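Asks:
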DNA sequence: ATCCTTTTTTTGTCCAGGACAAAGACCATG
DNA sequence: CATGGTCTTTGTCCTGGACAAAAAAAGGAT
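Protein chains in written order, with this note's numbering: chain A, 124 to 426; chain B, 124 to 426.
Encoded structure:
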């Protein structure tokens, strides 16, 4: 006589794609090949994934991001998968990141995190704050994510607070009319914004005139904006998730479409050490190196 | 003897989906039903969309967003489509938005836009800045977008600068330990962040203790974060693009999963005027109304 | 051993063409 | 006018097959 409330209602294939980042095509082909997931069906034959299968898919996604192959892990139980994630507990120490801030993220202490970040900013100044606090923290968060110690909402919380602090500071430096004029953005498949903000903070602190278009700018629009806006440099940021191969192709294509007078700087994991394959593009290996790039540019272009 | 550089190289179906927002399935079914687009094929039979077809698809997408039906417009030429967009030139005036700021956006004048925004903030204070400058500007930008007067990079530029100013101001207000504690975010299909930031600015200025998770928080995570964090209110923001029907379903589901002691506030075009269908949820009709909601909550919960 | 090249396997994306339900347009009736 | 019912349009999902890019394994040379 109980009416079953649909609390953990099953998800459509579109919702699963959204929540796990695994495409519909891939979900169907996994079902065909490996026998998982095997969703239920609604009245009209559409797949309905129960919550526990979605949860397992999220675990699988993480392990694949760590380099595991689907065929090897997809048959394992959720418990076994969790164990595999924990085994990956990296031996290398969590960098030089401030562990108290990491704790705030883990415990959802947004207000305390914001306060700690602001204090660090005041103490270190914008440039050192970006290089010595945000960058290591970023790395530590990335590792904690891999290890499964933090989840979507913790990462959101972290990103929000860092953005608040960095953007506030960037605004306060508003340099106008200085050189070089740097246009910052990412390619359409890259949606991580923090790398971009860290570079903007670093360059603005050096007196460059930065303009960020945020993430995901289509290539033709980027070309137009760079030329019409009279920019000297276009800066692109790549996260570790960006396929190295595609980064190189995209950068070379951009190099062709932009006049040689506009420099291209690229930074992030995906392009690290690829100088040889990227003629005409300045690879920026770290935040500190972006300052070098700036100095070089000024030496070459400002009498 | 010329080597043809692939400047306007054709795009894969995945790239077209990314750039136009039209799904692969829809692209294929349009081709089948209406005879457009008809892409070329590569060596292995995969679709390759030339740049001009992609451009036309972007026009079509805009007109559909304005309420046109595919069958009626998909056969028209690019010129005819452009004319239709311009005909839609709304008669109603561009709200009370500052036209000089709008000009800065059109002309890619990022630095000037930032300066003007900061000046307005100083003059008006955070709350009036959000309600009287950002909100009308948002609307004006939305209309200009519909009319085809601005494009992707202009909107990116605008969003970036407003974020810089709003986030800086929000950070400066950092109220800790006050009540109510408000958790702000959007549902997984909503990615517009400005509405959220405007609410956060308004509430923070009233001394509420706000925490934003940014956009696209999965429902189970939202539930956990709200309960574990001891929040009094969960605030959701919806843009005009969010399907009204889905907004209602999602909100009702969230209402079921949250304890009655946690209030839900929802704002934005998609929920405007739906009070009747959303029992137990406070519809916030404007930024000013969010202050009302705050006052009501305090009257009811703080002795 | 280590490094580089070639073959084999794995894996994600794409294709065709059919089906269906939700949303929109249309129409008749209160 | 509004309101409810029918017809049309439209986007999403389905099956099952194919293929190329990436990864792994195997082979060979230094």
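C-beta: ideal position from N, C-alpha, C; glycine also. Everything numeric in this text was worked out from a predicted model, so none of it was measured.
1. Quick check on DSSP: helix, strand or coil for residue 304 of chain A?
2. Listed in chain order, which residues of the segment 274 to 285 of chain B have Cβ atoms closer than 8 Å to some Cβ of chain A?
3. Could you tell me which chain B residues have their CB closer than 8 Å to the CB of residue 297 of chain A, listed as they occur along the chain?
4. So residue 327 of chain B is in the beta strand (DSSP E); what residue range does that whole segment cover?
5. Quick one: residues in its chain with C-beta nearer than 7 Å to the C-beta of residue 280 of chain B, no 5 flanking neighbours on either side, listed in chain order?
6. Mind checking if residue 136 of chain A is an interface residue toward chain B, Cβ cutoff 7 Å exclusive?
7. Helix, strand or coil, according to DSSP, for residue 335 of chain A in the structure here?
8. Since residue 183 of chain A is in the alpha helix (DSSP H), which residue starts that stretch and which ends it?
9. Quick one: using the 10 Å Cβ neighbour count with 16 as the cut-off for buried, is residue 143 of chain B buried or exposed?
10. Please state the DSSP three-state secondary structure of residue 235 of chain A.
11. Using 10 angstroms around the beta-carbon of residue 377 of chain B, count the other beta-carbons present and answer buried if the total reaches 16, otherwise exposed.
12. With a threshold of 7 Å between beta-carbons, can residue 231 of chain B be considered close to chain A, or not?
13. Give a yes or no on whether the C-beta atoms belonging to residue 301 of chain A and residue 338 of chain A are separated by under 7 Å.
14. Would you call the segment 361 to 371 of chain A and the segment 381 to 393 of chain A in contact, with 3 or more CB pairs under 8 Å?
15. For residue 365 of chain A and residue 341 of chain A, I'd like the C-alpha separation in whole angstroms.
16. List the whole-angstrom C-beta distance separating residue 319 of chain B from residue 360 of chain B, where the pair is believed to meet the contact cut-off of C-beta under 8 Å.
17. Reducing DSSP to helix, strand and coil, say where residue 361 of chain B ends up.
18. Under DSSP, the alpha helix (DSSP H) around residue 293 of chain B begins and ends at which residues?
19. Between which two residues does the beta strand (DSSP E) harbouring residue 385 of chain A extend?
20. Helix, strand or coil for residue 414 of chain A per DSSP?
21. Buried or exposed: which applies to residue 163 of chain B, given that a residue is buried once 16 or more other Cβ atoms fall within 10 Å of its Cβ?
22. Residues of chain A with a CB under 8 Å from the CB of residue 141 of chain B: which are they?
23. Verify the CB distance criterion: does residue 290 of chain A have a CB-CB separation below 7 Å to chain B?
24. Spatial neighbours of residue 299 of chain A within its chain, please: CB distance less than 7 Å, with the 5 preceding and 5 following residues excluded, ordered by chain position.
25. Rounded to whole angstroms, what is the Cα-Cα separation between residue 336 of chain A and residue 283 of chain B?
26. At a Cβ threshold of 7 Å, is residue 341 of chain A touching chain B?
27. Applying the 10 Å Cβ sphere with the 16-neighbour rule, what's the burial state of residue 428 of chain A?
28. Measuring only the C-alpha atoms, how far is residue 241 of chain B from residue 294 of chain B?
29. Rounded to whole angstroms, how far is the Cβ of residue 322 of chain B from the Cβ of residue 410 of chain B, which I believe are closer than 8 Å?
30. Using a C-beta to C-beta distance shorter than 9 Å, which residues of chain B count as neighbours of residue 415 of chain A?
31. Anyone know if the C-beta pair for residue 404 of chain A and residue 387 of chain A falls short of 7 Å?
32. Just how far apart, CA to CA, sit residue 156 of chain B and residue 180 of chain B?
33. Output the boundary residues of the alpha helix (DSSP H) element that contains residue 152 of chain B.
34. Please state whether DSSP places residue 197 of chain B in a helix, a strand or coil.
35. How many whole angstroms separate the CB atoms of residue 257 of chain B and residue 285 of chain B, which I take to be in contact at a CB cut-off of 8 Å?
Replies: On the basis of the data shown:
1. strand
2. 274, 275, 276, 279, 280, 282, 283
3. 234, 237, 238, 241
4. Note, residue 327 of chain B: premise wrong, no beta strand (DSSP E); alpha helix (DSSP H) at 317 to 328.
5. 228, 231, 233
6. no
7. strand
8. 174 to 188
9. buried
10. helix
11. buried
12. yes
13. no
14. yes
15. 16 Å
16. 5 Å
17. strand
18. 275 to 296
19. Element bounds for residue 385 of chain A: n/a, residue is neither H nor E.
20. helix
21. exposed
22. 311, 312
23. yes
24. 332
25. 6 Å
26. yes
27. Nothing about residue 428 of chain A can be read from this structure; chain A reaches only from 124 to 426.
28. 15 Å
29. 7 Å
30. Ordered by position in chain B, no residue passes the 9 Å Cβ test against residue 415 of chain A, which lies about 25 Å from the chain.
31. yes
32. 15 Å
33. 147 to 157
34. coil
35. 6 Å
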